[in-house]
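Everything below concerns the one structure shown next.
There are 2 protein chains.
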Amino acid sequence: MAKKTKTEIDGSTEERIKEAARIVFTQKGYAATRTRDIAEKAGINLALLNYYFRSKEKLFNQVMLEKIQQLFGMLLPVLSDETTKLEKKIEMVVANYIDMLLANPDLPLFVLSELRGQKEELQKVLPIEKIIQNISFIKQLQEKRPDIQPIHFLMNILGMTVFPFIAMPAFDAVGIIKKNDFEKLIQERKALIPIWVKAMIKAK
Amino acid sequence: MAKKTKTEIDGSTEERIKEAARIVFTQKGYAATRTRDIAEKAGINLALLNYYFRSKEKLFNQVMLEKIQQLFGMLLPVLSDETTKLEKKIEMVVANYIDMLLANPDLPLFVLSELRGQKEELQKVLPIEKIIQNISFIKQLQEKRPDIQPIHFLMNILGMTVFPFIAMPAFDAVGIIKKNDFEKLIQERKALIPIWVKAMIKAK
DNA sequence: TAAATAATTAATCATTTGATTAAAATAATT
DNA sequence: AATTATTTTAATCAAATGATTAATTATTTA
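The listed protein sequences derive, respectively, from chains D and S. Under this note's numbering, the first sequence has 199 at position 199, and the numbering climbs by one with no breaks. Under this note's numbering, the second sequence has 151 at position 151, and the numbering climbs by one with no breaks.
Here is the structure:
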């Protein structure tokens, strides 16, 4: 932790470094990111980065934890709400998630690819054991379809929602989808995915 | 291209380097890969790598082209076959794709995350413009559901099939899924995804 | 205002890393 | 066998890069 003082409590320097780090890390990944790039983007001297964050890895871990929270954190509140019924939950999760992803299109690819690298510190900090157990979403699915593992439907929702954002750079690089059409496509999916998920829950 | 001679036509040295490169690049990504790692894994002197492939980037491009082919190449033959009807195509694509992915679990995350980096050479080599147009799969979908863009269903199939492999490292790092359960889950999906896709094509 | 603390910078280190070179070992050709 | 060409290695280079240090500037505090 950097020592706090009035000058940077308002977030000026430390926060500017972190914001630059968010952008560069997310765009290029940990290994391809140079601390000099972050410093330049933040408009500060390279030494300041180490002054505030000690090392590239420490800075990365802070950013990464945020990003993991951002990517997974939204799911629990909705999925574990006891008062909302299954169909409504599906609609809410998909709509919320798509909105978040449209605001952070390269978030999933960043988090999922960096998690492959197994930064030790990170996997401990996640209390996701509860996520799978306590959330009522799982129970609701089990009631409707006791013959199919609930995790399947969760993967289907996430897959259909998140995959387009993961594949977008590839599709874009190849010219399948023009940047502009993408958002339109995604907006359509916001309405369609809940319909599809409900259909597949019923499907025999 | 390296000069060919009897000794390495059988693939000994050059192929051993390439095979090591496939493994290391796929596991760690381009930026995090050190040519020394590849050399060590191949059991050869570092200079040999440059002797055969000139540079890290040239070696990577060769591997990457293979991997792209591996990831996308399988789709066209099945999807564009005029004689196979839609339902059968869905079953075949899912089954073939899952088998391929089980044999190459980190292929999608590797290709999709590296494609984000926009290596110029690569995107030109792909004649995927035809893929979207000529394949009869698209037409078959349009006949059944003229009210929905066919690309949606393609994304659903790919998303439900590929996403588990992309999210697996994350789920694994967090302990959601034990390595062993994963393959069982995937095998279940081989039968389930076609059922789900057919259901969502009918869904109104 | 003076002293002390914090923030910032320029210069520099030490390591890593992709790549090259020159020589040695191996294989092919005559 | 002698010569030539190819393959392989050890040693080294040069650039990139994460990090540190010592000095300078700005801010806070007494």
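From the three backbone atoms N, C-alpha and C, an ideal C-beta is built for every residue, glycine too. Computed from a predicted model, the values in this text were never measured in an experiment.
Confirm, please, whether the CB-CB distance from residue j to residue i is below 8 Å.
i, j, result
"S:M168", "S:P105", "yes"
"S:V94", "S:I157", "yes"
"D:L109", "S:S12", "no"
"D:K89", "D:F25", "no"
"S:R116", "S:I201", "no"
"D:E87", "D:K178", "no"
"D:T35", "D:K56", "yes"
"D:A173", "S:A31", "no"
"S:L48", "S:L59", "no"
"D:G29", "S:G29", "yes"
To the nearest angstrom, report how far apart residue i and residue j are at their CA atoms.
i, j, result
"S:T83", "S:P194", "19 Å"
"D:K119", "D:T33", "Since pLDDT at D:K119 reaches only 49, below the 50 mark, its modelled position is unreliable, and the value read off the structure follows with that caveat. So the two alpha carbons sit approximately 16 Å from each other."
"S:M74", "S:Y97", "8 Å"
"S:M155", "D:N45", "45 Å"
"D:V78", "D:K85", "11 Å"
"D:V162", "S:Y52", "40 Å"
"S:A277", "S:F165", "The displayed coordinates of chain S run from 1 to 204. Any statement about residue 277 of chain S would go beyond what the structure contains."
"D:I17", "D:D37", "11 Å"
"S:R189", "S:D181", "12 Å"
"S:P150", "S:M100", "24 Å"
"S:W196", "S:A103", "24 Å"
"D:L205", "D:H152", "Lying before the first or after the last residue shown, residue 205 of chain D is absent from chain D, which here runs from 1 to 204."
"S:K41", "D:I148", "43 Å"
"S:Q69", "S:L76", "11 Å"
"S:K139", "S:Q27", "38 Å"
"S:E143", "D:A39", "55 Å"
"S:F171", "D:K204", "28 Å"
"S:R54", "D:E15", "42 Å"
"D:Q187", "D:G175", "20 Å"
"S:A191", "S:R22", "31 Å"
At a Cβ threshold of 8 Å, is residue i touching chain D?
i, result
"S:V162", "yes"
"S:I17", "no"
"S:N156", "yes"
"S:I38", "no"
"S:A191", "no"
"S:G43", "no"
"S:P194", "no"
"S:R116", "yes"
"S:A170", "yes"
"S:I98", "no"
"S:I186", "no"
"S:I90", "no"
"S:L107", "no"
"S:L112", "yes"
"S:A173", "yes"
"S:M200", "yes"
"S:A95", "no"
"S:A167", "yes"
Spatial neighbours of residue i within its chain, please: C-beta separation below 6 Å, excluding the five flanking residues on both sides.
i, result
"S:M160", "I193"
"D:L141", "P150 and F153"
What residue range is occupied by the uninterrupted alpha helix (DSSP H) comprising residue i?
i, result
"D:Y51", "L46 to F53"
"D:I157", "P150 to V174"
"S:M200", "K179 to K202"
"D:T35", "T35 to A42"
"S:I23", "T13 to K28"
"S:M64", "K56 to F72"
"S:A95", "L86 to A103"
"S:I138", "S136 to K144"
"D:S80", "L75 to S80"
Cutting at 8 Å between CB atoms, please list the residues of its own chain near residue i, excluding the five before and the five after it.
i, result
"D:L71", "L107, P108 and V111"
"S:D81", "K89 and S136"
"D:E183", "L102"
Counting contacts by CB-CB distance shorter than 8 Å, is residue i in contact with chain S?
i, result
"D:G73", "no"
"D:S136", "no"
"D:A203", "yes"
"D:R145", "no"
"D:I55", "The question names Ile, yet the displayed sequence has Ser at residue 55 of chain D. Output row for D:S55: interface = no."
"D:L141", "no"
"D:I23", "no"
"D:A32", "yes"
Can you list, in chain order, the residues of its chain with a C-beta nearer than 7 Å to that of residue i? Leave out the 5 residues immediately preceding and following it.
i, result
"D:E91", "P194"
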